[in-house]
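The structure appears below as structure tokens.
Number of protein chains: 2
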Amino acid sequence: ESCQYTIIFHCMAALSERGSAPVSETSPYEMVRSQELNALLGPKASMQAVDLLCDLHNTTANTGLCLITYSDRDWICLHICKHLQREMASTPVRYVHFDIPLNEAYSLDSVGKHGFAMEIGPQPHGVVRSVIFSAMQEGVQLMMDWICQFNSGTLFEGGWVDVYTMVKNIDYPRDSETHVITAAVHPDLQDRDFCLLHPGDPMFLCFSGETLRYRGKEALYPFFINEGAYYEKGVALSLARKRRVQIPSVRSETLR
Amino acid sequence: ESCQYTIIFHCMAALSERGSAPVSETSPYEMVRSQELNALLGPKASMQAVDLLCDLHNTTANTGLCLITYSDRDWICLHICKHLQREMASTPVRYVHFDIPLNEAYSLDSVGKHGFAMEIGPQPHGVVRSVIFSAMQEGVQLMMDWICQFNSGTLFEGGWVDVYTMVKNIDYPRDSETHVITAAVHPDLQDRDFCLLHPGDPMFLCFSGETLRYRGKEALYPFFINEGAYYEKGVALSLARKRRVQIPSVRSETLR
Numbered sequence: 001e002s003c004q005y006t007i008i009f010h011c012m013a014a015l016s017e018r019g020s021a022p023v024s025e026t027s028p029y030e031m032v033r034s035q036e037l038n039a040l041l042g043p044k045a046s047m048q049a050v051d052l053l054c055d056l057h058n059t060t061a062n063t064g065l066c067l068i069t070y071s072d073r074d075w076i077c078l079h080i081c082k083h084l085q086r087e088m089a090s091t092p093v094r095y096v097h098f099d100i101p102l103n104e105a106y107s108l109d110s111v112g113k114h115g116f117a118m119e120i121g122p123q124p125h126g127v128v129r130s131v132i133f134s135a136m137q138e139g140v141q142l143m144m145d146w147i148c149q150f151n152s153g154t155l156f157e158g159g160w161v162d163v164y165t166m167v168k169n170i171d172y173p174r175d176s177e178t179h180v181i182t183a184a185v186h187p188d189l190q191d192r193d194f195c196l197l198h199p200g201d202p203m204f205l206c207f208s209g210e211t212l213r214y215r216g217k218e219a220l221y222p223f224f225i226n227e228g229a230y231y232e233k234g235v236a237l238s239l240a241r242k243r244r245v246q247i248p249s250v251r252s253e254t255l256r
Numbered sequence: 257e258s259c260q261y262t263i264i265f266h267c268m269a270a271l272s273e274r275g276s277a278p279v280s281e282t283s284p285y286e287m288v289r290s291q292e293l294n295a296l297l298g299p300k301a302s303m304q305a306v307d308l309l310c311d312l313h314n315t316t317a318n319t320g321l322c323l324i325t326y327s328d329r330d331w332i333c334l335h336i337c338k339h340l341q342r343e344m345a346s347t348p349v350r351y352v353h354f355d356i357p358l359n360e361a362y363s364l365d366s367v368g369k370h371g372f373a374m375e376i377g378p379q380p381h382g383v384v385r386s387v388i389f390s391a392m393q394e395g396v397q398l399m400m401d402w403i404c405q406f407n408s409g410t411l412f413e414g415g416w417v418d419v420y421t422m423v424k425n426i427d428y429p430r431d432s433e434t435h436v437i438t439a440a441v442h443p444d445l446q447d448r449d450f451c452l453l454h455p456g457d458p459m460f461l462c463f464s465g466e467t468l469r470y471r472g473k474e475a476l477y478p479f480f481i482n483e484g485a486y487y488e489k490g491v492a493l494s495l496a497r498k499r500r501v502q503i504p505s506v507r508s509e510t511l512r
């Protein structure tokens with residue numbers, strides 16, 4: 001059995017999985033569309049779902065290229081990540097793990113048997129930056145190359161992959177009464193995605209001039225720092241814990 | 257007589273001056289609002305118009321701080337520019353001149369007796385970057401300081417200001433039949449606003465991999481390179497000619 005793959009150019013992580021909610025004439029477009037996609041590519045968690053689903057995203061945050069997944073033990077996704085890390089010279093490639101149950105996962109890639117979002121930044125929304133576009137193109141091509149080699153029976157050696165597991169989100173500071181945002185990401189933190197943030201490091205610079213610092217007890221890795229689409233979600237940045245995950249050698253037959 | 261000033265936080269250059277078109281119940285919001293603002297701050301080209309109107313903008317292009325005007329001989333605007341250039345240590349400040357008749361000018365600042373847009377970048381739309389926010393804040397404060405000093409009778413020495421006069425806009429390369437964009441701004445040009453572009457320099461990198469070069473006969477200064485809001489206007493970048501303009505010493509009395 002070979003690995004089928006589907007690439008969906010889906011711009012926003014707005015797919016919500018509500019398989020049980022009936023669709024009516026007045027349902028929001030996003031809900032209708034999510035059910036259409038689930039029928040086309042899934043159904044999620046079924047035998048009919050596509051083998052691998054990759055959802056392409058871009059962000060205003062300086063993330064480089066990230067594979068965002070709901071599993072830290074999906075050898076297919078981890079091997080693809082390792083392949084991209086090995087082959088992409090000028091773009092950092094990282095594996096991000098959202099540790100939530102699959103039935104709570106809201107993004108399109110969760111519909112496939114294996115899947116991830118390929119997220120790349122920094123790029124303003126509504127803009128194509130040539131270097132970012134080329135890196136995404138290279139990432140997609142390398143993923144497809146890996147699948148072709150895997151389907152041809154190539155053995156991929158095991159090894160280690162750094163996994164960034166999301167621990168929590170941090171909101172912008174807000175006025176306690178009006179909830180209006182009162183600070184921007186601190187210049188020392190802006191664009192420093194995946195650079196270790198230590199307790200006491202500057203986190204926000206208030207419009208009043210005051211610096212607010214990271215008050216956590218544990219040094220963690222910030223990412224999605226100042227992503228434009230997350231203001232409305234109340235997320236100024238996310239924090240992750242890094243650890244190394246060992247992956248086995250894989251060959252097509254071993255996964256049957 | 258002192259100089260009155262009004263600062264309008266107006267995000268998009270969407271004000272169109274159609275003083276003669278009657279407003280009805282079905283008029284687009286932008287047209288209704290432009291007439292409200294014209295009544296409030298103008299009427300444009302009348303004795304009742306405010307003395308100075310500054311309209312604050314931000315852009316995805318790496319412009320630094322620009323004063324964008326419709327005049328290359330407005331001593332108020334030129335002196336404010338000189339003041340900002342002298343006082344702002346870490347932000348480049350430039351004077352941009354759109355050489356079109358005032359009655360064709362579509363932006364809010366054209367309603368005042370004197371006026372300019374204060375444009376700053378790079379910043380993605382929908383995002384606040386702390387360094388950009390602080391630079392805008394400093395620019396606005398310095399402008400108001402200048403006005404206060406001017407109103408107090410301070411003499412401002414004359415001198416020279418570099419003026420960038422817009423010569424033409426360049427659209428993205430497009431498919432001749434579908435008009436779909438076929439290239440992004442070349443990595444060698446991206447973010448190099450106000451760096452002289454010579455004939456033969458790379459301008460676009462096609463999605464096919466081909467490099468397209470600047471075919472003009474004259475070296476010019478590119479600006480608004482890859483501004484997100486200008487894709488729909490068919491503008492990938494603008495080109496300007498630079499020259500030095502001499503400005504006289506000014507003091508409040510001399511302008512009565």
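Protein sequences, first through last, are from chains A and B.
FYI, in this note's numbering the residues of the first sequence are 1 to 256.
FYI, in this note's numbering the residues of the second sequence are 257 to 512.
The beta-carbon is built from N, C-alpha and C at its ideal position, and this holds for glycine as well.
Three or more C-beta pairs closer than 8 angstroms, one from the segment 388 to 399 of chain B and one from the segment 424 to 438 of chain B: is that the case here? Not touching, per the Cβ criterion.
If you measure from the beta carbon of Thr-178 (chain A) to each beta carbon in chain B, is any gap under 9 angstroms? For Thr-178 (chain A), no CB of chain B lies under 9 angstroms from its own CB, so it is not counted at the interface with that chain.
For chain A, find out if any of its Cβ atoms is closer than 9 angstroms to the Cβ of Leu-468 (chain B); answer yes or no. Leu-468 (chain B) has a beta carbon lying at 9 angstroms or more from every beta carbon in chain A.
Ala-39 (chain A) lies in the beta strand (DSSP E); which residues open and close that run? Not the beta strand (DSSP E): Ala-39 (chain A) falls in the alpha helix (DSSP H), residues 29 to 41.
Mind checking which residues open and close the beta strand (DSSP E) that includes Ile-356 (chain B)? Judged by DSSP secondary structure, Ile-356 (chain B) falls outside any beta strand (DSSP E); it is assigned neither H nor E.
Can you find a C-beta in chain A that's less than 9 angstroms from the C-beta of Pro-348 (chain B)? For Pro-348 (chain B), the answer is no, since every Cβ of chain A falls outside 9 angstroms of its Cβ.
Which chain B residues sit within Cβ distance under 7 angstroms of Arg-192 (chain A)? None at all; the shortest Cβ gap to chain B is about 13 angstroms.
Kindly list, in the order they appear in chain B, the residues whose Cβ is closer than 7 angstroms to that of Leu-239 (chain A). From the beta-carbon of Leu-239 (chain A), no residue of chain B is found nearer than 7 angstroms; the closest lies around 19 angstroms away.
Look up Leu-84 (chain A) in the DSSP assignment and say whether it is helix, strand or coil. Helix.
Proximity test, Cβ basis, 9 angstroms: Phe-479 (chain B) and chain A: Any Cβ of chain A closer than 9 angstroms to the Cβ of Phe-479 (chain B) would place that residue at the interface, and such an atom is absent.
Does the distance from the C-beta atom of Val-163 (chain A) to that of Tyr-95 (chain A) stay below 9 angstroms? The Cβ atoms of Val-163 (chain A) and Tyr-95 (chain A) lie closer than 9 angstroms to each other.
How many angstroms separate the CA atom of Thr-319 (chain B) from the CA atom of Phe-480 (chain B)? The alpha-carbon atoms of Thr-319 (chain B) and Phe-480 (chain B) are separated by roughly 7 angstroms.
For Val-419 (chain B), which residues does DSSP report across the bridge? Bridge partners of Val-419 (chain B): B:Tyr-351 and B:Arg-499.
Could you give the C-beta distance for Leu-321 (chain B) and Val-349 (chain B), rounded to a whole number, given that I count them as a contact under 8 angstroms? Here Leu-321 (chain B) really is in contact with Val-349 (chain B); their C-beta atoms are around 5 angstroms apart, less than 8 angstroms.
Ile-332 (chain B) to Thr-325 (chain B) span [Cα, whole Å]: One C-alpha to the other measures close to 11 angstroms.
Could you pull out every residue in the same chain whose Cβ sits closer than 7 angstroms to the Cβ of Leu-476 (chain B), ignoring the five residues on either side in sequence? In chain order, Val-423, Leu-453, Leu-495, Ala-496 and Arg-497 place their CB closer than 7 angstroms to the CB of Leu-476 (chain B), counting only its own chain and leaving out the 5 sequence neighbours on each side.
At a Cβ threshold of 9 angstroms, is Ser-134 (chain A) touching chain B? For Ser-134 (chain A), the answer is yes, since a Cβ of chain B falls inside 9 angstroms of its Cβ.
Can you look up Ala-485 (chain B) in the DSSP assignment and give me helix, strand or coil? Helix, per DSSP.
C-beta contact flag for Ala-440 (chain B) and Ser-130 (chain A) at 9 angstroms: Using a Cβ distance threshold of 9 angstroms, Ala-440 (chain B) and Ser-130 (chain A) count as a contacting pair.
Measuring CB to CB, does Gly-377 (chain B) end up less than 9 angstroms from Ala-317 (chain B)? Yes, they are a contact pair.
Counting only Cβ pairs nearer than 9 angstroms, list the residues of chain B close to Ser-58 (chain A). Strictly speaking, residue 58 (chain A) in this sequence is Asn, with Ser absent from that position. Here the premise fails: no neighbours, minimum Cβ distance about 11 angstroms.
Ala-373 (chain B) to Phe-463 (chain B), Cα distance in whole Å? Put simply, the backbone Cα of Ala-373 (chain B) is about 34 angstroms away from that of Phe-463 (chain B).
Pairing CB atoms from the segment 151 to 165 of chain A with CB atoms from the segment 103 to 111 of chain A, are three or more of them under 8 angstroms? Counting Cβ pairs under 8 angstroms, fewer than three are found: no touch.
If we call anything under 9 angstroms between Cβ atoms a contact, is Val-501 (chain B) one with Asp-307 (chain B)? No, they are not a contact pair.
So with CB distances below 7 angstroms, who are the chain B contacts of Ser-130 (chain A)? Taking the beta carbon of Ser-130 (chain A) as reference, the chain B residues within 7 angstroms of it are Ala-440, Val-441, His-442, Pro-443, Gln-446 and Leu-461, listed in sequence order.
Three-state class that DSSP yields for Phe-150 (chain A) in the structure shown: Phe-150 (chain A) falls in the helix class under three-state DSSP.
C-alpha distance - Asp-191 (chain A) paired with Pro-299 (chain B), whole-angstrom precision: Going from the Cα of Asp-191 (chain A) to the Cα of Pro-299 (chain B) covers about 44 angstroms.
By the DSSP assignment, the beta strand (DSSP E) with Asp-311 (chain B) in it spans what residues? Residues 308 to 314.
So is Gly-275 (chain B) buried or exposed if we call it buried at 16+ other beta carbons inside 10 Å? For Gly-275 (chain B), the predicted structure reports a pLDDT of 45, less than 50, and the residue's modelled location is therefore unreliable. A value from the coordinates is still provided. Gly-275 (chain B) sits exposed, since fewer than 16 C-beta atoms from the chains shown fall within 10 Å of its C-beta.
How would you list, in chain order, the residues of chain B whose beta-carbon sits under 7 angstroms from the beta-carbon of Val-127 (chain A)? Neighbours of Val-127 (chain A) in chain B, taken as residues at a C-beta separation under 7 angstroms, are given in chain order as Thr-316, Asn-482 and Gly-484.
Contacts of Pro-173 (chain A) in chain B (Cβ-Cβ under 7 angstroms): Ordered by position in chain B, no residue passes the 7 angstroms Cβ test against Pro-173 (chain A), which lies about 12 angstroms from the chain.
The beta strand (DSSP E) that contains Val-383 (chain B), what's its start and end? Looking at the DSSP string, Val-383 (chain B) is not in any beta strand (DSSP E), and its letter there is neither H nor E.
Helix, strand or coil: how does DSSP classify Ser-110 (chain A) here? Ser-110 (chain A) sits in a helix when the DSSP states are folded into three classes.
Return helix, strand or coil for Glu-119 (chain A), following the three-state DSSP convention. For Glu-119 (chain A), the three-state secondary structure derived from DSSP is strand.
Compare the C-alpha of Met-143 (chain A) against each of A:Met-88, A:Asn-58, A:Arg-215 and A:Thr-182 and name the closest. Taking only the C-alpha atoms, the option nearest Met-143 (chain A) is A:Met-88.
Other residues of its chain near Gly-153 (chain A): CB distance less than 8 angstroms, five sequence neighbours each side excluded: Excluding the 5 residues flanking it on each side, Gly-153 (chain A) has same chain C-beta neighbours closer than 8 angstroms at Arg-251, Ser-252 and Glu-253, in chain order.
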